[in-house]
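2 protein chains.
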Amino acid sequence: MPAPAERLPIRTLSSLTGVSPLTLRAWERRYGLIQPLRTPKGHRLYTHQHVELIRRVLALTGRGVPIGQVRAALESAEPATDAPGGADPWTGRMDRMAAAIARFDERELDHVYEAALAVHAVEHVTQRLLLPLLERLGARWQGLPGAIAEEHFFATYLRSKLGARLVHGVPHAEGARVLAACAPGEHHEFGLLLFALEAAAARLRPVLLGADVPVDELVAAQRRATCDAIVVSSSVDPAPGFLHRELPQLVRGCCVPVFVGGATAIRHRAAIGAAGAVALGTDVGDGVRLIHARLARPQTRKR
Amino acid sequence: MPAPAERLPIRTLSSLTGVSPLTLRAWERRYGLIQPLRTPKGHRLYTHQHVELIRRVLALTGRGVPIGQVRAALESAEPATDAPGGADPWTGRMDRMAAAIARFDERELDHVYEAALAVHAVEHVTQRLLLPLLERLGARWQGLPGAIAEEHFFATYLRSKLGARLVHGVPHAEGARVLAACAPGEHHEFGLLLFALEAAAARLRPVLLGADVPVDELVAAQRRATCDAIVVSSSVDPAPGFLHRELPQLVRGCCVPVFVGGATAIRHRAAIGAAGAVALGTDVGDGVRLIHARLARPQTRKR
DNA sequence: GGCTATTGTATATCATTCGTATAATTTCAA
DNA sequence: TTGAAATTATACGAATGATATACAATAGCC
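Encoded structure:
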């Protein structure tokens, strides 16, 4: 597909970036930002480079830089790509791991997990072994005595394992930064860690905040960390105010796309959409692809 | 690599630091703290260096220094830190790590930590870099907006790092199994992780349960995991009932020695002894040696 | 107790910033 | 040819910022 000399009219640029034509012209007139080619009759003609430029401008204003100072403060940014997955002799492994957890036997637990990793890609193991195992354990843990200890034990193990892979296994990529945190009240980090792993494998750069992060902390962190997106993980039903008050407030408060993953994203898809956020679902692979697509495509302005 | 030359207006600085614009202007007018650039029309323009500066100011006022004397305090502290003369590589590393945490820059964070590990032994790095850094961050985090996010970020990073060392770095030993958990209500795992690391290095086999574990779960876990000792970490003051009701109950409920580590072990040594447990203190090395000695000796039943 | 210095906050007034609106004219495409 | 859309220019207004002055709470001091 040859896209050699793209000549985008201002209307297209506007819909691609979410910035109104009026504003685009005002920026050009007042600050000399973006200077398009002109037709002989004076109509503006933009290219994809201008789209990229506007994105960078939006990233800066989102961090609190006034538009009048953006020109003096322009620097760098870059995009990325992604990856797929799928197969099955997994139930035996799940049984062994579940039994190991019941005995608090880290050695056996690690042995099975590493053996699986030796044969299959990490995304596969996550998808076919860890996630189903977590579901099974979740069911087993309902109100059982010793459940909390088991859960903590496995959580600690998995955090160490996945954390190690995150910090060491993935060569530091150059893709978009994604702030990843659990919703307020959400204490289960599994989903978030698995997402971070998948995201890192797909050349995103997750910034992990972990469990139970208040919403206003997220806004502050996004500013400081200059992230290009926010992902909130929520599996147990969030507090009533979260979907209808805090989430819209988060979307308004930062100008990067906000994604919500986990079971909540399925149970409350409508409310998430109404808040201006994007519901991801429970498949981390799909989630990462959706984020990629969304970041590559026009950034629709909310308000 | 440095942040782009951002020009932040006063409202952004305010939201980043939690200090009202009024107060920021008053500080500038009255004490000459923070002197921002100005636009041609006189509007103030700040950079991230100013954000850092305000953070240091807040750290001082938070410790009780009157704002009127902060300037003098800063100026007297300045020469001490920025003229290291090669004497102490640790404060420089601490500064870099603290700044990286403020930017949520995991790459830089990891870089400094790994560089330190390349030169010094891990216990040394823990003792001279991580522990002082944690103390410093604890002071900085008093009530600051964004503090929770920063703390979660660093906690997640450190858990991954130390967890990785625990899982990979240490060949599975054959020594005694030690159940390691934080006391109920204790959410800081750092101390516990450091202990587990040291314990593994000393040929113990820690079974890590992590933060905030209820006491009766500990009893159940000890049975199932067949551990030879229990270590409870507690740094913030535990709930009133813990020392006098739950801890004795734990000691009675399982027939292995129970150790308590962290600041609580120092502040409430008598109560811990009365409960039939053993107070360890805050030095993980000493703690591990004490446990070894105790396990080697015939198991004297207390009380 | 009364006095005073310190310090965060409030108000009044004016200027600046920046998105949006309007108007008059021109260009494009069906 | 005709209506939608672009152009320039000017203007409006809400939010924000600057300065100066004032006020209130607190702490130290005689």
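Residue numbers (our numbering), protein chains in the order written: chain A, -6 to 296; chain B, -6 to 296. Beta carbons: idealized from backbone N, C-alpha and C, even for Gly.
Asked                                                                                                                                 : Found
Segment limits, beta strand (DSSP E) that includes residue 226/B                                                                      : 222 to 226
Residues bridged to residue 38/B [DSSP beta-bridge criterion]                                                                         : 30/B
Span of the alpha helix (DSSP H), counted from its first residue to its last, around residue 214/A                                    : 208 to 218
Contact set for residue 8/A: own chain, Cβ-Cβ below 6 Å, skip 5 residues either direction                                             : none
Residues that residue 97/B contacts on chain A, provided the C-beta gap is smaller than 7 Å                                           : 200, 214, 217 and 218
Proximity winner among 175/B, 160/B, 146/B and 171/B, relative to residue 202/A (alpha-carbon distances)                              : 146/B
9 Å Cβ cutoff met for residue 182/B and residue 148/B                                                                                 : yes
Residues, ordered as in the chain, of the segment 115 to 146 of chain B that lie near chain A by beta-carbon distance below 7 Å       : 138, 139, 141, 142, 145 and 146
Boundaries of the alpha helix (DSSP H) in which residue 14/A is found, first to last residue                                          : 14 to 24
Secondary structure of residue 250/B, DSSP reduced to three states                                                                    : coil
C-alpha distance - residue 178/A paired with residue 205/A, whole-angstrom precision                                                  : 5 Å
Chain B contact for residue 28/A (CB, 9 Å cutoff)                                                                                     : no
Any C-beta of chain B under 9 Å from that of residue 148/A                                                                            : yes
Sequence-distant residues of the same chain with beta carbon closer than 6 Å to residue 236/B, five excluded per side                 : 261 and 264
9 Å Cβ cutoff, residue 153/A in contact with chain B                                                                                  : yes
Chain A within 9 Å of residue 64/B, Cβ atoms only                                                                                     : no
Validate contact between the segment 189 to 196 of chain B and the segment 182 to 198 of chain A using beta carbons, cut 8 Å, 3 pairs : no
Buried or exposed (CB count within 10 angstroms, at least 16 for buried), residue 259/A                                               : exposed
Within 9 Å, strictly: CB atoms of residue 225/B and residue 243/B                                                                     : yes
Own chain partners of residue 72/A with C-beta closer than 6 Å, once the 5 adjacent residues on each side are dropped                 : Confidence at residue 72/A is low in this model, with a pLDDT of 27, below 50, so the placement of that residue should be treated as unreliable; the coordinate-derived value is given next. Once the five neighbours on either side are set aside, residue 72/A has no close Cβ partner at all.
Alpha-carbon to alpha-carbon, residue 207/B and residue 199/B                                                                         : 18 Å
Residue closest to residue 287/B, alpha-carbon to alpha-carbon, out of 251/B, 5/B and 274/B                                           : 251/B
Segment contact, 8 Å Cβ cut-off, at least three pairs: the segment 81 to 93 of chain A with the segment 105 to 112 of chain A         : yes
Where the alpha helix (DSSP H) containing residue 102/B begins and where it ends                                                      : 99 to 112
Nearest neighbour of residue 214/A, chosen from 142/B, 241/B and 223/B [CA to CA]                                                     : 142/B
Rounded separation between residue 109/B and residue 118/B - CA only                                                                  : 7 Å
Buried or exposed by the 16-neighbour rule on C-beta atoms within 10 Å, applied to residue 34/A                                       : exposed
Chain B contacts from the segment 177 to 207 of chain A (Cβ-Cβ distance under 7 Å)                                                    : 200, 201, 202, 203, 206 and 207
Same chain, Cβ closer than 8 Å to residue 125/A, five either side skipped, listed in chain order                                      : 83 and 87
Local conformation of residue 198/B per DSSP, three classes                                                                           : strand
Opposing strand residues paired with residue 271/B [DSSP bridges]                                                                     : 252/B
Buried or exposed by the 16-neighbour rule on C-beta atoms within 10 Å, applied to residue 30/A                                       : exposed
Outcome for residue 68/A when other beta-carbon atoms lying within 10 angstroms are tallied against a minimum of 16                   : For residue 68/A, the predicted structure reports a pLDDT of 42, less than 50, and the residue's modelled location is therefore unreliable. A value from the coordinates is still provided. By the neighbour-count rule (16 or more Cβ atoms within 10 Å), residue 68/A is not buried but exposed.
Neighbouring residues, chain B, relative to residue 325/A (Cβ below 7 Å)                                                              : Within the shown structure, residues of chain A are numbered from -6 to 296, placing residue 325/A beyond reach of any answer.
Inter-residue CB distance, residue 249/A and residue 227/A (contact presumed, cutoff 8 Å)                                             : Between residue 227/A and residue 249/A the Cβ distance is about 18 Å, and since that is not below 8 Å, they are no contact.
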